[in-house]
Every structure is written in structure tokens, then in C-alpha cells.
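Novice: Residue numbers are given in the working numbering: position 65 of the sequence shown equals residue 73, and the series is strictly consecutive. Quick one: the structure is below, and I'll ask about it shortly.
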Amino acid sequence: MQQIIKPVVQDYHTHKDFNFNNNIEACRHIIRHHQCLVIDTVLIDVQTANAIITVYDALSEENKEKALFIPIVKLANFCWKQVK
């Protein structure tokens with residue numbers, strides 16, 4: 009018997025379902041509601057969102073402005089490197 013595996017991403021809400029101005033607001037929503045969310049075709053879980061917000065809050069005001077325009081994949085990779 010062969011099973012058909014559907015992509016998991018289809019079952020989750022995307023950031024387009026909500027009116028977020030940027031990825032940081034989406035990450036704060038994930039933390040507040042303890043629910044993962046698809047941002048730019050990437051599934052972001054609560055732990056990753058928490059790492060992103062922790063690093064974002066520690067940035068200077070100048071770097072916070074720059075971080076708003078970084079794609080979520082690069083932002084998550086950078087944040088995990090900083091958290092370790």
C-alpha cells in the first residue's frame with residue numbers, strides 16, 4: 009500500500025492571512041498565540057520565532073530598521089548563530 013504524502017505547509021496559516029507589516033510582527037504573533045505560521049513559504053515555529061525576537065530586541069535602533077527588510081530565512085539563520 010502506497011501512501012500519498014501531502015506537503016505539510018498547506019495545512020498551516022500563512023502570514024498573508026493576517027495583516028502584518030513585517031516579519032517581526034509575524035514572529036511576535038507566533039509567540040503570543042503559541043502557533044506556527046508560514047512566512048514567505050517557510051514554516052516558522054515558536055522556538056525559531058522566539059530566537060528571532062530575542063536577537064531583534066537586542067539590536068540597536070539602526071540595525072532594527074535593517075532587520076525589517078531581511079528575508080525570514082536569512083534572519084532565522086543569523087539569529088540561531090547569535091543565540092548559540
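We treat Cβ as the ideally placed atom computed from N, Cα and C, and that holds for glycine.
1. What do you get for residue 71, buried or exposed, if any count of 16 or more other CB atoms within 10 angstroms of its CB means buried?
2. According to DSSP, simplified to helix, strand and coil, what is residue 52?
3. If distances are taken between C-alpha atoms only, which option among 39, 69, 66 and 46 comes closest to residue 55?
4. Look at residue 61 and residue 44 and say whether their C-beta atoms are less than 8 Å apart.
5. For the alpha helix (DSSP H) containing residue 83, name the first residue and the last one.
Specialist: Let's see:
1. exposed
2. strand
3. 39
4. no
5. 80-91
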